[in-house]
Amino acid sequence: MALVPDQQSVLLDIVSIDFPETEPAQLSEFNGTFSELDRRSPAIQLIPGETSQIVIDLENLDTQPLHLTCSLSGNFPHHWGRSEFPEAVLSPGERRSVVLSFGVDRNFFETEELSMNTEGLQLNYSGRFNVYGSYVNNQSDTNEPLLEFIEFDLFVRPRSPYINLLPQIYREIDLVGRFLKIIETTLDPDLQIFGHLWAYLDPLTAPESMLPFLAHWVGWQNIPTLSLQQQRRLIRHALEIYRASGTRRGLRFYLHLVTGLPLDEDLPEASKHISILENFTQGAVMGSSYLGIDTILGGGKPFHFQVRLLCDPDTIDEKLVRTVIEAQTPAFCTYDLKIDSDNNI
1 MALVPDQQSV LLDIVSIDFP ETEPAQLSEF NGTFSELDRR SPAIQLIPGE
51 TSQIVIDLEN LDTQPLHLTC SLSGNFPHHW GRSEFPEAVL SPGERRSVVL
101 SFGVDRNFFE TEELSMNTEG LQLNYSGRFN VYGSYVNNQS DTNEPLLEFI
151 EFDLFVRPRS PYINLLPQIY REIDLVGRFL KIIETTLDPD LQIFGHLWAY
201 LDPLTAPESM LPFLAHWVGW QNIPTLSLQQ QRRLIRHALE IYRASGTRRG
251 LRFYLHLVTG LPLDEDLPEA SKHISILENF TQGAVMGSSY LGIDTILGGG
301 KPFHFQVRLL CDPDTIDEKL VRTVIEAQTP AFCTYDLKID SDNNI
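Structure representation (structure tokens):
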């Protein structure tokens, strides 16, 4: 009986692999043209930032149990690949699947080493999956012999959806896909802007540099003393403020945006944080009003209202509040402003 299994004891078979979408090519050393790589070895495509896998079936063809260990080797960085089958014992005829996973750094094409590398970036690598083994009853401290191996190629390629827009004959050429990736990278910032153009036109999400343009677009005069977030909200609701200008609802909404006080739509007017009260009387009516009894000559205040803010006076810019009220009040109206804290209510 043999003490060491031979190379016919193990069968390796690739059952699943992430094939390249196009035929990889390399520059010929003889005529300076591109030619297809020798594809005798299976190939796997590696896309930066994604995981690619090879699934290999391993079968014990021997008549005795085998203790098997596996390893990965090749000219690729060791942290790219890993095996989920470090070692195992296989009975005669037993099959086991081995998953080889490969991952390339997301910024593979953007590393600093690339800008300093005058020889260009290596995109094609080779690897080998090795299986070592021995009989279970004859294990020793010495290294186990190599029983079988599978060689494969690794091609690092960027993913470019542009190539799917080309005719099939061009999609089969690896160089075309890599060239299109350069164009895609150049146009990508503009495409990102177009894809999020709505955010540039919304004052709540637009860049700060866009706010003056958006304010001018709706005819809004920015108030420098307000915070950036308050200015965004005012520009966003400028048209709503214009539509309700000169009304109680419009003034309350404007003060709500400036002060941050709630609208309290469900509360009575006197209990709101922003209360706007108007004093209406019957006035002098011929035949039913008596001077000195229920009517005072010159004692009324027509077109007058009172604004009361229920908040801490120290948190309110009274000058700004008066500016807002005067901007929303008709010229013939007068008003009183009262700021009360919660303790006074």
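Be aware that the sequence shown starts at 1, since it is given in my numbering, and climbs by one per residue.
For glycine and all other residues, C-beta sits at the position ideal for the given N, C-alpha and C.
Within the region 189 to 262, the runs of alpha helix (DSSP H) at least 4 residues long that lie entirely inside it are, in chain order, 197 to 200, 211 to 217, 228 to 236, 238 to 243, 248 to 259. DSSP lists F155 as the beta-bridge partner residues of Q45.
One alpha carbon belongs to E110, the other to L121, and they sit about 11 Å apart. Taking the Cβ atoms as the reference, L147 lies roughly 5 Å from V131, within the contact range of under 8 Å. Going by beta carbons, L261 and L309 fall inside the 8 Å limit.
The region 204 to 221 makes no contact with the region 166 to 179, as fewer than three CB pairs between them are under 8 Å. With a cutoff of 8 Å on beta-carbon distance, D62 and S9 are scored as near each other. Within the region 65 to 142, the runs of alpha helix (DSSP H) at least 4 residues long that lie entirely inside it are, in chain order, 112 to 116. Across the set L12, F129, S16, W80, the C-alpha of W80 shows the shortest separation from the C-alpha of T51. Around the C-beta of R95, fewer than 16 other C-beta atoms lie within 10 Å, and the residue is accordingly described as exposed. In the three-state DSSP reduction, F149 falls in the strand class (E or B). Assignment of T51 by DSSP, reduced to helix, strand and coil, places it in the strand class. Of the residues G49, L263, V55, the one whose Cα lies closest to the Cα of S16 is V55. Taking a 10 Å sphere around the C-beta of G93, we find fewer than 16 other C-beta atoms and assign the residue as exposed. Contact annotation: the region 152 to 160 touches the region 178 to 193, with at least three C-beta pairs closer than 8 Å. The C-beta separation of E59 from L100 comes to about 17 Å, leaving the pair out of contact by the 8 Å criterion. Boundaries of the alpha helix (DSSP H) harbouring I169: 168 to 171, taken from the DSSP string.
The C-alpha of F102 lies about 17 Å from the C-alpha of S41. Secondary structure note for L309: it is in no alpha helix (DSSP H), and the uninterrupted beta strand (DSSP E) holding it is 304 to 310.
In this model, A238 and D188 are separated by some 34 Å (Cα to Cα). T259 sits buried, since 16 or more C-beta atoms from the chains shown fall within 10 Å of its C-beta.
Rounded to whole angstroms, I193 and S227 show a C-alpha spacing of 26 Å.
Within the same chain, Cβ atoms closer than 6 Å to the Cβ of T69 are found at E87, Y132, the five residues on either side in sequence being excluded.
In the displayed model, D264 falls within coil according to three-state DSSP, outside both helix and strand.
Less than 8 Å separates the beta-carbon of Y335 from that of H304. Assigned with DSSP and collapsed to three states, N279 falls in coil, not helix or strand.
Between H273 and C333 the beta-carbon gap is near 22 Å, outside 8 Å, which marks them as no contact. DSSP places S9 in the coil class of the three-state scheme, outside both helix and strand.
In this structure, DSSP gives T315 a helical state, which the three-state scheme calls helix. Sixteen is the threshold: since fewer than 16 other Cβ atoms of the shown chains lie within 10 Å of the Cβ of W198, the residue is exposed.
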